[in-house]
Each structure stands twice: as structure tokens, then as C-alpha cells.
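In my numbering, the protein residues as written are 405 to 1025.
Glycine included, every Cβ here is placed at the ideal spot set by N, Cα and C.
Small disclaimer: the values here were computed from a predicted structure and weren't measured.
The structure appears below as C-alpha cells.
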């Protein structure tokens, strides 16, 4: 009996002490005056606001995105424990001063150890009872908290996005804010200083060694290029803004992502489709052919794809314009202008590609300024070659038009394969050679009426004097690296994704060396219009067009690679979790594959080509 009473008293004493610590912490949060609570300082308690606390019980990570300055001020002496609500975590060793990005070992009430970190990055939590897949979007709860304590919390629809990236364990997401639980209507939010919209991307950057290149290249592009109609549309952006965040899904830490705007009519402020008349136009490069100005196939206005381009605006699937209502958008009933046969018309972009491919030289050089914005062409050619983005000359690029009878222009997209890296995160050390397509080949060709090479020379000299120096670009690179490294991001990603996301610190030196050599080579070429005109851009002519067709009755997959130079080496079929179900060597340009043994579902067909590149096609079994 005495032993029982003693144990009970110990438990009661422990419980009272815990409740007392919690009460003291709450009082300190409310008062903000440490001197009023000597017991608080004596106990060494750090009170954590629930807004900032994120716990991954599986990976044993505790992440708090509250300022360490604030936390150290709340408990200026030796820190013994963290308290948040009814949760208490005790430091294994007392901490005198908390530092951002540093890992501290704490234990919970059951003596289970966790790594505790402070970060200054915004944190996003997504919670859903549904399995996330690539279409359709499933309902979820979205929660975002900044280091200032600003919160956005609402219902979203979420899905996986991307092509090749869906085969990676860390996947990119697309989210849409819903005004109801089923997504029949949507609502807009302005997130992290970016645009007010319902539709956002979360980029995983799994294939980027330092998770820097895409974000840096978008910032570099916007620092050097402006839309020609900026005075009429001051809010228009020729590209997207991105901000780093850390992501939890169902209380599991997924690592660093970029929260990104999307390229669409609203971002570019293209003129709206109205009264049955197409004004603004937007096309996304998803393959090669007409998109690289190397072929001119016939088009079908009943199809959303043509010649390596995807029809994006006017949007055949849109039931509303994304910025007509600042509060919500009703998706329930399409209006009269939503008939796909009315909205899809390839004639304009077809005529433009035909002009580039077939117009005689005199007519081409006289007419090209009216059909493609020359300032944009100069800037994009410089940008494309500066970062040597081999995969962004036809695919991974948008072609846009502000209004009818206005010139087309380029909008960059998907810039991970850049600055000496391939799309898969491996190094491409080549620092010479021009990147381009059929349009740029004509623009740099010698002709008495062609002043594009001279414009290129002048613009390059202007940009090299300040914006495109080795020092400035590497400073941007270093600042982003330091931001992620100092916040402990690379440590946490290594903990979650193991060696697959181990940080390559040598990549900083590699990038600096690669950039120095690339700039030196471009200086020689761009400073000499005659030398430039003697060269032809590479890569556009060797990009491969891959087509597949699934026979629905027999589930036989037909595939064909249209190439005179390369073969399909092998094919892998995997689900979105990256599990491979079928893999077969090919060593041919076309063939058949029986996928009938596979269970019904969504699959990714991954084709590895003999040049080392990979193409991914989606299919439904």
C-alpha cells in the first residue's frame, strides 16, 4: 500500500509540475514580460506558439518556424524544455542559445528522441484522407504559416503534377483553393507576396542537386526581360515568381519546395476571349516539331495538341475566367463560349510557323518584327544560351500573344536542366555551342536586311556590364545556397530522403567554374556578329518526337520514335509511387508492348533513348 501511494504521489507530482510549466508558459506568452515570471526563467521553459509547431513522428523531426531571436528572448538563460499546449519536449542537454538551422536532441514524455530545428522558411501543411494522384484532385486542408505568424488555412484540391518527375519519390504538386468541399467553385489567395489566385504549384526540385537552379533562373530572366506591353499592363509578368517553403503532408516532412505561380492568361494579362473572337493566345511546348520550327504538320481543331504544342488559351476546359471574380469562381455551368470547337483554332500559330519555315529571306527579315517581338527574341536567345538550357528551345517553353495582330513572344518554363546540369540532375560540363531552334537559326543567319545579330551584340554588351556578370550570378547562387543551408534544409532532406538528396557541396565550385567558361565563350560569339552568323544552333534538330497509342481492346501499347539518329533503348512502366511493374529492352525506333498483365490504373511509361535522354508518357490501363 505504501509503495502504491508513493508511486501515485510521484505521478501526481509529475503531472502537477507539467501543468505548472504549461501554465507558466501560457502566462509568459500572454504577458510578454519575462521579469514578471521568475519561475519561468528558473524552469528554462521555451513556450512555442501552436502556429509554428510541426512534428513528424515517423522521421522524428520537430520543426518550428518562429524566430530564434524571439525564442531566446522568452527564455534568456539555459533552456531545458519546449512547451506547446499539452506537449512538452525536454532538451537532452541544456541549450544556452538557440540557432537557426541547428539540430537539437529533445525527448517527449515517453523519452522518445526527436531532432528539433528552427527555420525561417514558411511552412505548409497539407492534410487529406485521400490518396493523392495525378488527376483528379482530391480534397485536403491547406495550412501555411510564415515566420511572422501570418496564416492561411482553407480547403484545397491537390494532385501530383509533372511528367518525368512523377517517377521520383519526392513529387511536385498542384493545388487549387476551393470554396466548397467538392471544388465546384474556387477562391483566390495571395501567398507570400505573390499574385492573388486559386491555382498554385509546389515544385519538388528532386532532380536539382542544390534546389536552386529553377528559382534562380526565373529570377535572372525577370531581371533582364520586360514585356513590350508593360505600360498597358503594369501587373503582367513574363514568367513566374517562386518562394521557398517547407512541406508536411499528413504530418510527414517532405522537404523544401518552391511555391510557384503558374504561366497563364492571368499572369501575362493576355487579352480575353470575347464575343467569339480569339485575342490573347497561349501555347505550351510539350514536344518537338512545329514548336521548334522544324516541321509543319496538318492541324485538327478538335485536338488540344499539335506539332509539339499544347493549346492553353483560350482554354477549352475553362468554365470561367480565373480573375473575373475576386471572391470565388463558379465551376458548375459552362457559358456559351466554353465549347472546345469554338475555342481551339490552330490557324494563327500555324501561319506563324509556316512563315518562319517557308517565307523567302527578304520577306522574312522584313516581316519578322511584326510577328515576333524582337526584344523578347534577343533576350530569350541570350538567356537560353547563358544557362545553356538544352531542353528549353521548343519543349518546356510557352509561346504567347497579347492580342490579335500583335507579335508572339516567349515565356520560359521548367528551368531545372540549366547552368551545366541535365534535366536528371547529372552534370553536363559542355560550355560551348549555341542552343536554339529553327526560328533562331533564321534570326542569326547572315542577310543584308537582318539586324538581329547586331541587336544581339548590343544587348549582350549592355547586360554583361552589370546584370550578367559572373560575380552577380554567383552572388545570387550563393545567397540562395546560404539561405537553405543556414536554415538546416539540406540536413532535413538528407534525413528524410537519405542519399538520394544528399547535398553536393562541390556543385557550388562546379557551377562557378562552368559559368566562367560559358561566359567567356559567349563573349567571343556575341561580340562578333559575323562569327555568330557563321554558326547554327544545335539540339533542336536532334530532339526526338515520341508517339504512343494504347489499343483499348487488347491493351497493347504501340510506340514509335521519329528519329534518323537515335533508338529507344528500353521502356519501364511504373506507378506514380515509382514502383516498376514492367521493364523491357528495345533497341529499336518502334514496337509493341503487352501491358494487359498490369492491374487497372494510372501508369508512367518511361522511354530511355540512346542519347541518354528520357521521355515520359502517361497512360491509363
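Counting the other CB atoms within 10 Å of its CB gives residue 665 a total of 16 or more, which places it among the buried residues. Between the alpha carbons of residue 519 and residue 507 lies a gap of roughly 6 Å. A buried status is given to residue 703, since no fewer than 16 other beta-carbon atoms sit within 10 Å of its beta-carbon.
Here the alpha carbon of residue 673 sits roughly 17 Å from the alpha carbon of residue 801. By the C-beta density criterion, residue 885 is buried, having at least 16 other C-beta atoms within 10 angstroms.
Distance between residue 700 and residue 1019, taken at the CA atoms: about 22 Å. Runs of the alpha helix (DSSP H) lying entirely within the segment 917 to 966 and spanning at least 4 residues, in chain order: 933 to 937.
Comparing alpha carbon positions, the residue from 496, 647 and 601 closest to residue 618 is 647. Under DSSP, residue 451 forms a beta bridge with 487. Assignment of residue 801 by DSSP, reduced to helix, strand and coil, places it in the strand class. In this structure, DSSP gives residue 628 a helical state, which the three-state scheme calls helix.
Listed in chain order, the non-local C-beta contacts of residue 871 below 7 Å within the same chain comprise 627 and 628, local neighbours out to five positions each way being set aside. Nearest neighbour of residue 1023 by Cα position, chosen from 539, 810, 509 and 926, turns out to be 539.
Distance from the CA of residue 576 to the CA of residue 663, rounded to the nearest whole angstrom, comes to 10 Å. For residue 899, the enclosing alpha helix (DSSP H) begins and ends at 893 to 901. Under the 8 Å Cβ criterion, the segment 777 to 791 does not count as touching the segment 709 to 722, having fewer than three qualifying pairs. Taking residue 1000 as the centre and dropping the five residues before and after it, the same chain places the C-beta of 959 closer than 6 Å to its C-beta, in chain order. When C-beta atoms of the segment 810 to 820 are compared with those of the segment 916 to 936, fewer than three pairs fall below 8 Å, so the two segments do not count as touching. At the C-beta level, residue 831 and residue 837 stay beyond 8 Å of one another. Residue nearest to residue 693 within the set 630, 758, 659 and 635 is 758 (criterion: CA-CA distance). Looking at the backbone, the Cα of residue 570 and that of residue 1010 are separated by about 11 Å. In this chain, residue 757 is not harboured by any beta strand (DSSP E); it is covered by the alpha helix (DSSP H) spanning 751 to 762.
Within its own chain, the residues whose Cβ lies closer than 7 Å to the Cβ of residue 687, once the five positions on either side in sequence are excluded, are 713, 714, 715, 716, 753, 802 and 803, listed in chain order. Contact between the segment 464 to 471 and the segment 543 to 553 is present, with at least three C-beta pairs closer than 8 Å. If you check the CB distance, residue 605 and residue 572 do not come in under 8 Å.
Under the three-state reduction of DSSP output, residue 634 falls in the coil class, being neither helix nor strand.
The beta-bridge partner set that DSSP reports for residue 600 consists of 594. Taking C-beta separations shorter than 7 Å and ignoring five residues to either side along the sequence, the partners of residue 503 in its chain run 472, following chain order.
Under the 8 Å Cβ criterion, the segment 845 to 863 counts as touching the segment 928 to 940, having at least three qualifying pairs.
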